[in-house]
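When you number the sequence shown by numbering that gives the first Met the number 0, it's gap-free, plus one each residue, and the end is 147.
Every residue gets a Cβ at the ideal spot worked out from N, C-alpha and C, and that includes glycine.
None of the values given here were measured: they were computed from a predicted structure.
Taking it in order: structure first as structure tokens, then the write-up.
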Amino acid sequence: MNRNLQRGKVALALLVILSSGIALGWYGHDVHRSPAEASPIANNTTDAATHWTDRAMVTLGHELELTAEQQQKIRPVLQEASRKMDLDRERALFQLHLQVLRVHDELRPHLRPDQVSALERMSLRLRQDIKLRFAPLLKDPALPPPDL
């Protein structure tokens, strides 16, 4: 019975890792770009933010029949909202990456020594990716410093 419970825990842990990997792949697909390209924080203007602002302007302009004067006043509001959404997205991705590191720590007791060594290499690579990808967030005093 105890052995089945241990196997269940390992299976659940592997499922969590798989799910985290899928989530990171889906939401963090640009992690292999250079940090300046990958992080909207590193770029003052990003294509995604500009694209979102432009699409929102078209939709609002069409649906609300905005005048040119209204559009001039609304665009900066949308640009600021886009900047905040990008920051929120980066913070969420940062937290997901940190969660994967915590899962690595939880897996250690269930692994053989050779597997622990491989997991430590994976953790090291992930820590390095986090330091590169999220360098601006690591300097943010509003966020608690992670143990990297």
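Residue of the options minimising C-alpha distance to residue i
i      : options                           : result
His102 : Leu118, Arg6 and Gln5             : In the sequence as displayed, the identity of residue 102 is Val instead of His. Among Leu118, Arg6 and Gln5, the Cα nearest to that of Val102 belongs to Leu118.
Pro75  : Glu89, Ala55, Pro108 and Glu64    : Ala55
Arg6   : Met121, His109, Ser122 and Lys130 : His109
DSSP state of residue i mapped onto helix, strand, coil
i      : result
Glu119 : helix
Ala141 : coil
Outcome for residue i when other beta-carbon atoms lying within 10 angstroms are tallied against a minimum of 16
i      : result
Ala151 : This structure does not reach residue 151, given that the chain is present from 0 up to 147, and the question cannot be answered.
Thr52  : buried
Glu89  : buried
Arg132 : buried
Ser149 : Look at the range of the chain in this structure, 0 to 147, and you will see that residue 149 is not part of it.
Leu106 : buried
Pairwise C-alpha distance: residue j and residue i
i     : j      : result
Asn42 : Asp128 : Confidence is the limiting factor: at Asn42 the pLDDT is only 49, short of 50, which leaves the residue's position unreliable and the question unanswerable from this model.
Asp87 : Asn1   : 42 Å
Gln78 : Val9   : 46 Å
On the three-pair Cβ rule with 8 Å, is the segment 126-138 touching the segment 86-96? yes
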